[in-house]
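Protein chains in written order, with numbering that gives the first Met the number 0: chain A, 0 to 500; chain B, 0 to 207. Just so you know, even glycine gets a beta-carbon here, dropped at the ideal spot from N, CA and C. Values in this document were obtained by computation on a predicted structure and should not be read as measured data.
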Amino acid sequence: MKKDILLVEASPILLASRTKTLEKQGYHVTGASTAGEVAKLMRQESYDLLIVDAEVPEVLGVLSSEVPTLIMVNEEMAGSPVGLPLGIWGFLVKPFTAREFSRSVGEAIDKADALKDTIQQKILLSLNNTSKLLVSEAETDKFFKHILEIVAAETEADRVSVVILDEKTGELAVKAKVGLEPGIIDADEKIGQWVMKTSQPLMVNDKVDANPNVKEIMSQLGASSLLSVPLVTSGKAIGLINGVKVAKGARFTAGSLEFLSILAEQAAIAIENANLFRSVEKQRLQLEKLIEKATLTQENERKRVAIEIHDSIGQQVVGVLYRVRAFDFLLSASRFTEAQAEVNEIKGILEKTLNELRRVLAGLHPLALDELGLISTLRQEVEKLNQETDTKCHFQLEGTPIELTSSREAAIYRVVQEALTNIRKHANATEADVQLHFEPGTVSVKVSDNGKGFKLDETNMAGHLGLLGMKERAEMLGGNLSVTSKPGSGTSIVLTFPTKS
Amino acid sequence: MPIIRVLLVDDHQVVREGLKRMLEPDKDIKVVGEAVNGEDAITQAELLSPDVILMDIKMPDMDGITATRQLRQKMPDIKVIMLTLYEYVTEAVEAGASGYILKDASRERLIQAIHDAYNGYSPLAPSLTRQVFTELANLSRVIRDSLLSERQCEILRLIAVGLVSRDIGVKLCISESTVKKELAHIFDKLGVNDRAQAVSEAMKRKLI
Numbered sequence: 000m001k002k003d004i005l006l007v008e009a010s011p012i013l014l015a016s017r018t019k020t021l022e023k024q025g026y027h028v029t030g031a032s033t034a035g036e037v038a039k040l041m042r043q044e045s046y047d048l049l050i051v052d053a054e055v056p057e058v059l060g061v062l063s064s065e066v067p068t069l070i071m072v073n074e075e076m077a078g079s080p081v082g083l084p085l086g087i088w089g090f091l092v093k094p095f096t097a098r099e100f101s102r103s104v105g106e107a108i109d110k111a112d113a114l115k116d117t118i119q120q121k122i123l124l125s126l127n128n129t130s131k132l133l134v135s136e137a138e139t140d141k142f143f144k145h146i147l148e149i150v151a152a153e154t155e156a157d158r159v160s161v162v163i164l165d166e167k168t169g170e171l172a173v174k175a176k177v178g179l180e181p182g183i184i185d186a187d188e189k190i191g192q193w194v195m196k197t198s199q200p201l202m203v204n205d206k207v208d209a210n211p212n213v214k215e216i217m218s219q220l221g222a223s224s225l226l227s228v229p230l231v232t233s234g235k236a237i238g239l240i241n242g243v244k245v246a247k248g249a250r251f252t253a254g255s256l257e258f259l260s261i262l263a264e265q266a267a268i269a270i271e272n273a274n275l276f277r278s279v280e281k282q283r284l285q286l287e288k289l290i291e292k293a294t295l296t297q298e299n300e301r302k303r304v305a306i307e308i309h310d311s312i313g314q315q316v317v318g319v320l321y322r323v324r325a326f327d328f329l330l331s332a333s334r335f336t337e338a339q340a341e342v343n344e345i346k347g348i349l350e351k352t353l354n355e356l357r358r359v360l361a362g363l364h365p366l367a368l369d370e371l372g373l374i375s376t377l378r379q380e381v382e383k384l385n386q387e388t389d390t391k392c393h394f395q396l397e398g399t400p401i402e403l404t405s406s407r408e409a410a411i412y413r414v415v416q417e418a419l420t421n422i423r424k425h426a427n428a429t430e431a432d433v434q435l436h437f438e439p440g441t442v443s444v445k446v447s448d449n450g451k452g453f454k455l456d457e458t459n460m461a462g463h464l465g466l467l468g469m470k471e472r473a474e475m476l477g478g479n480l481s482v483t484s485k486p487g488s489g490t491s492i493v494l495t496f497p498t499k500s
Numbered sequence: 000m001p002i003i004r005v006l007l008v009d010d011h012q013v014v015r016e017g018l019k020r021m022l023e024p025d026k027d028i029k030v031v032g033e034a035v036n037g038e039d040a041i042t043q044a045e046l047l048s049p050d051v052i053l054m055d056i057k058m059p060d061m062d063g064i065t066a067t068r069q070l071r072q073k074m075p076d077i078k079v080i081m082l083t084l085y086e087y088v089t090e091a092v093e094a095g096a097s098g099y100i101l102k103d104a105s106r107e108r109l110i111q112a113i114h115d116a117y118n119g120y121s122p123l124a125p126s127l128t129r130q131v132f133t134e135l136a137n138l139s140r141v142i143r144d145s146l147l148s149e150r151q152c153e154i155l156r157l158i159a160v161g162l163v164s165r166d167i168g169v170k171l172c173i174s175e176s177t178v179k180k181e182l183a184h185i186f187d188k189l190g191v192n193d194r195a196q197a198v199s200e201a202m203k204r205k206l207i
């Protein structure tokens, strides 16, 4: 490819002759003789090299440090290069021969080429750095656009797109695109399917050589050449970058293929990192939510217990205190018969208080579980229902019991207790079943009845049945609680925990 | 001495019963009725016209403070003693309670409190006096500050002992013109025209 040179020279004669020298060497030369022209041209075009006569008025002020620049100076300026702008790539001290001129230009061009490679590396590096921040959708979009820009600039393609595989649906979707709209829908995806299948880059500069499928897509696209590179991480294609040229005879170079391959590799790593980061972040958020929920559940539980203690035990203790004071007075007044009666009543209240205390404690932690174990405790609950109500309740144990954590045992016990209370109060059932089922990998308990059932919705769960708390508790412990019920056809509650098999 | 007729208000039967047993042996006190919440208390009070009500605070449907406030309107002669585990003294006083006794009070103290309330005094649990004093002090300060600032009071005090504006300024480390500006504010707030009137008005209102 011909290098573009902008030559800035005040003297028309010198401008003409130096242009001729450069053109003879195969460069494409644009001439300018004032600072204004230079500024304008530099805005419009990009040049591989600027050759500037420093004596053109004000020209040094319009130079850019980003464009390689060879500067022609007189001896005086060469002695004190102060005031020259940054980004000067070389000096030519006037006067010089045409040969010296040619050699300096050649060196400057080589230097510029070498630096361009470094710039490419820098771009890739920046790609890698950005990827660490690809957490949000917006950042990912920005990253894809960044890739587009680089590819479009580097390969001079008429259309570039980034296509990514959706892991869940297994479908390809265009995430970012630039340039011409293809004449057909899904063109990018169609190319993608082909490339994804092989996981190999595909470069077609001559349709004649191409696979019929590819040829077909290219025709539909109106593409004269095609470059498509898969994004591969851990041996798996997760998407691709497509480039298309439409002009007749426009080709992708081997350099473009190489460039795109490196870019795709980097981008794939970046995307994978971002995905990993996101899944870790998601897990972290889930954990946070879980902890919050656990804290809240605990706090509610404490509140409930506090109210209960205050309302029952607290008040009874106050009552007893008053009675004891009355007793004290009666004793001091030698009213012994009344004092004796008072003591008897105090005993009665204290017994009641003790029962209350047992009840509150059982609510805090079912002590029976520790003494009898889960299975016997459940049997006991079932037996209690049989004795106290007309519902016929059966307990069934299936599989080989394994040891459970005490919090899971408590959760199972509470769910059964809650379910049996519901049966007692609301279900109007003639039969009920409690099944404790052990199998490798899971333990589950099912409480079902043939009662009147209810319409299942959140309010019922929360208000009517008090099972919502159970559900939360179960989920907190890694389990799952499901309720099925229909008016007229009974209720079934299943609590399942995964276990180590 | 006439018998003091008492109404017990508490949502827990066991507490009411205990109170009754504790008070009954006292020959001057007679428990004439019981109520289970604020609303019930008002109904019973209208029916029985007790001399003193022992009123719990936290009760379902209507709390003791609300009931006390309504009783004060309807039957201002009844003396209400709050009898509670909690400390809501300010609210109770504002609602019109005559006394505030904690539930752990001894029999003697409770009987004394009933007598005191009956005789027009305001029995208060000793453990709460400090809180009441602090709140009273805060309240007085708020009221006074809304009228005169600390500096304005100081200026008036110095005028009362015979200092002129310049000396007051020196003493308070402010300029004489600030003293005069403050004085104008003081006259304005107290509705007076000169220093002598200001001092006497402030003294009358117990501001200095």
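Using the C-alpha atoms, what's the distance from residue 20 of chain B back to residue 119 of chain B?
-> On the second sequence, position 120 is the one that residue 119 of chain B refers to. On the second sequence, position 21 is the one that residue 20 of chain B refers to. Roughly 25 Å separates the two Cα atoms.
Between A:369, A:32 and A:3, which lies nearest to residue 22 of chain A when the distance is taken from Cα to Cα?
-> Position 23 of the first sequence, counting from 1, holds the residue named residue 22 of chain A. Considering only A:369, A:32 and A:3, the residue with the shortest C-alpha distance to residue 22 of chain A is A:3.
Under a three-way DSSP split, which group does residue 274 of chain A fall into?
-> The residue you call residue 274 of chain A lines up with position 275 of the first sequence. In the three-state DSSP reduction, residue 274 of chain A falls in the helix class (H, G or I).
Can you pull the chain A residues whose beta carbon is under 7 Å from the beta carbon of residue 187 of chain B, in chain order?
-> Locating residue 187 of chain B in the second sequence gives position 188, where the first residue counts as 1. Neighbours of residue 187 of chain B on chain A: none; closest Cβ ~53 Å, over 7 Å.
Which class does residue 24 of chain A belong to by DSSP, given the choice of helix, strand or coil?
-> Reading the first sequence from its first residue, position 25 is the one you call residue 24 of chain A. Looking at residue 24 of chain A - three-state DSSP - the assignment turns out to be coil, as it is neither helix nor strand.
Taking Cβ positions only, does residue 103 of chain B come closer than 8 Å to chain A?
-> To locate residue 103 of chain B, count along the second sequence from 1; it is residue 104. Against chain A, the CB of residue 103 of chain B has a partner CB under 8 Å away; the residue lies at that interface.
Taking C-beta pairs closer than 7 Å, name the residues in chain B that residue 357 of chain A reaches, listed in chain order.
-> For the purposes of this step, residue 357 of chain A is identified with residue 358 of the first sequence, where counting begins at 1. Per Cβ cutoff of 7 Å: no residues; residue 357 of chain A is ~17 Å from chain B at best.
Counting only the same chain and skipping the five closest in sequence on each side, list residues whose C-beta sits under 8 Å from that of residue 207 of chain B.
-> Position 208 of the second sequence, counted from the first residue, corresponds to residue 207 of chain B. Answer for residue 207 of chain B: 152, 155, 156, 159, 198 and 201, listed in chain order.
With distances taken between CB atoms, is the gap from residue 51 of chain B to residue 117 of chain B smaller than 8 Å?
-> For this step, residue 51 of chain B is matched to residue 52 along the second sequence. For this step, residue 117 of chain B is matched to residue 118 along the second sequence. Against a cut-off of 8 Å, the Cβ pair of residue 117 of chain B and residue 51 of chain B comes out as a contact.
With a floor of 4 residues, list each alpha helix (DSSP H) that falls wholly inside the segment 357-439 of chain A, ordered by position along the chain.
-> 366-371, 373-387 and 405-421
Less than 8 Å separating the beta-carbons of residue 223 of chain A and residue 191 of chain A?
-> The residue given as residue 223 of chain A occupies position 224 in the first sequence. The residue given as residue 191 of chain A occupies position 192 in the first sequence. Not in contact: residue 223 of chain A and residue 191 of chain A (Cβ atoms no closer than 8 Å).
Reducing DSSP to helix, strand and coil, say where residue 63 of chain B ends up.
-> Numbered from 1 along the second sequence, position 64 holds the residue referred to as residue 63 of chain B. When secondary structure is reduced to three states using DSSP, residue 63 of chain B falls in the helix class.
So with Cβ pairs under 8 Å, would you call residue 14 of chain B a contact of chain A?
-> Locating residue 14 of chain B in the second sequence gives position 15, counting from the first residue. Yes - at least one Cβ of chain A is within 8 Å of the one on residue 14 of chain B.
Which residue's Cα is closest to the Cα of residue 510 of chain A: A:76, A:101, A:7 and A:89?
-> Because chain A in this structure spans residues 0 to 500, residue 510 of chain A falls outside the shown range and cannot be described.
From the beta carbon of residue 477 of chain A, is the nearest beta carbon of chain B less than 8 Å away?
-> Within the first sequence, numbered from 1, the residue matching residue 477 of chain A stands at position 478. Cβ-Cβ to chain B under 8 Å: no for residue 477 of chain A.
Under 8 Å between C-beta atoms of residue 323 of chain A and residue 308 of chain A = Here residue 323 of chain A refers to the residue found at position 324 of the first sequence. Here residue 308 of chain A refers to the residue found at position 309 of the first sequence. At least 8 Å separates the beta-carbon of residue 323 of chain A from that of residue 308 of chain A.
Taking residue 332 of chain A as the query, report the chain B residues whose CB atoms sit under 8 Å from its CB, ordered along the chain.
-> The count along the first sequence starts at 1 and reaches residue 332 of chain A at position 333. 24, listed in chain order.
Leaving aside the five residues before and after residue 65 of chain B along the sequence, list all residues of the same chain whose C-beta is less than 6 Å from its C-beta, in chain order.
-> Counted from its first residue, the second sequence places residue 65 of chain B at position 66. Result list for residue 65 of chain B: 37, in chain order.
Bridge partners of residue 131 of chain B, per DSSP?
-> Your numbering for residue 131 of chain B matches position 132 in the second sequence. Beta-bridge pairing links residue 131 of chain B to no other residue.
Whose C-beta lies closer than 6 Å to the C-beta of residue 176 of chain A among residues of the same chain, with five residues either side of it excluded?
-> As a working mapping, residue 176 of chain A is identified with position 177 in the first sequence. If we look at residue 176 of chain A and ignore the five residues flanking it on each side, its Cβ neighbours are 160.
Around the Cβ of residue 421 of chain A, are there at least 16 other Cβ atoms within 10 angstroms (buried) or fewer (exposed)?
-> For the purposes of this step, residue 421 of chain A is taken as residue 422 along the first sequence, with counting starting at 1. Buried is the call here.
Determine which residues of the segment 337-364 of chain A have a Cβ less than 7 Å from any Cβ of chain B, and write them out in chain order.
-> 341 and 348
Comparing the C-beta of residue 106 of chain B with each C-beta of chain A, is any distance below 8 Å?
-> For the purposes of this step, residue 106 of chain B is identified with residue 107 of the second sequence, where counting begins at 1. At least one C-beta of chain A is nearer than 8 Å to the C-beta of residue 106 of chain B.
Evaluate residue 194 of chain A with the Cβ neighbour count: other Cβ atoms within 10 Å of its Cβ, from every protein chain shown; 16 or more gives buried, anything less gives exposed.
-> Against the first sequence, residue 194 of chain A aligns to sequence position 195. The residue in question, residue 194 of chain A, is buried, as its Cβ has 16 or more Cβ neighbours within 10 Å.
From residue 106 of chain B to residue 122 of chain B, what does the alpha carbon distance come to, in whole angstroms?
-> Position 107 of the second sequence, counted from the start, is the residue given in the question as residue 106 of chain B. Position 123 of the second sequence, counted from the start, is the residue given in the question as residue 122 of chain B. Answer to the nearest angstrom: the Cα atoms are 14 Å apart.
Can you give me, in chain order, the residues of the segment 318-329 of chain A that have a beta carbon less than 8 Å from any beta carbon in chain B?
-> 318, 319, 320, 321, 322, 324, 325, 327, 328 and 329
Under three-state DSSP, which class holds residue 99 of chain B?
-> Translated into positions along the second sequence, residue 99 of chain B becomes position 100. Strand.
Quick one: which chain B residues come within Cβ less than 7 Å of residue 314 of chain A?
-> Here residue 314 of chain A is taken as the residue at index 315 of the first sequence, counted from 1. Going along chain B in sequence order, the residues near residue 314 of chain A (Cβ under 7 Å) are 11, 13 and 14.
Tell me, please, whether the CB atom of residue 17 of chain B is closer than 8 Å to any CB atom in chain A?
-> What you label residue 17 of chain B is simply residue 18 of the second sequence in a count that begins at 1. It does; some Cβ of chain A falls within 8 Å.
Taking the Cβ atom as the reference point for each residue, do residue 31 of chain B and residue 47 of chain B lie within a distance shorter than 8 Å?
-> Walking along the second sequence from the start, residue 31 of chain B turns up at place 32. Walking along the second sequence from the start, residue 47 of chain B turns up at place 48. Residue 47 of chain B sits close to residue 31 of chain B, with the two beta carbons spaced by under 8 Å.
Which first and last residues belong to the beta strand (DSSP E) in which residue 495 of chain A is found?
-> Here residue 495 of chain A corresponds to residue number 496 of the first sequence, with the count starting at 1. Counting along the chain, the beta strand (DSSP E) containing residue 495 of chain A begins and ends at 490-497.
Buried versus exposed, by CB contacts within 10 Å (16 or more), residue 469 of chain A = Residue numbering aside, residue 469 of chain A sits at position 470 when the first sequence is read from its first letter. Label assigned to residue 469 of chain A: buried.
Along the chain, which unbroken stretches of the beta strand (DSSP E) at least 3 residues long are found entirely within the segment 0-57 of chain A?
-> 3-7, 27-31 and 48-52
Contact set between residue 21 of chain B and chain A, taken where Cβ atoms lie within less than 8 Å | The residue given as residue 21 of chain B occupies position 22 in the second sequence. Per Cβ cutoff of 8 Å: 321, 322, 324, 325 and 328.
Which whole-angstrom value is the C-beta distance of residue 414 of chain A and residue 363 of chain A, which I expect to be below 8 Å?
-> In the first sequence, residue 414 of chain A corresponds to position 415, counting from 1. In the first sequence, residue 363 of chain A corresponds to position 364, counting from 1. That belief does not hold up - the Cβ atoms of residue 414 of chain A and residue 363 of chain A are roughly 17 Å apart, past 8 Å.
For the segment 474-494 of chain A and the segment 416-432 of chain A, state whether three or more C-beta atom pairs, one from each stretch, are separated by less than 8 Å.
-> The segment 474-494 of chain A and the segment 416-432 of chain A touch, with no fewer than 3 CB-CB distances between them shorter than 8 Å.
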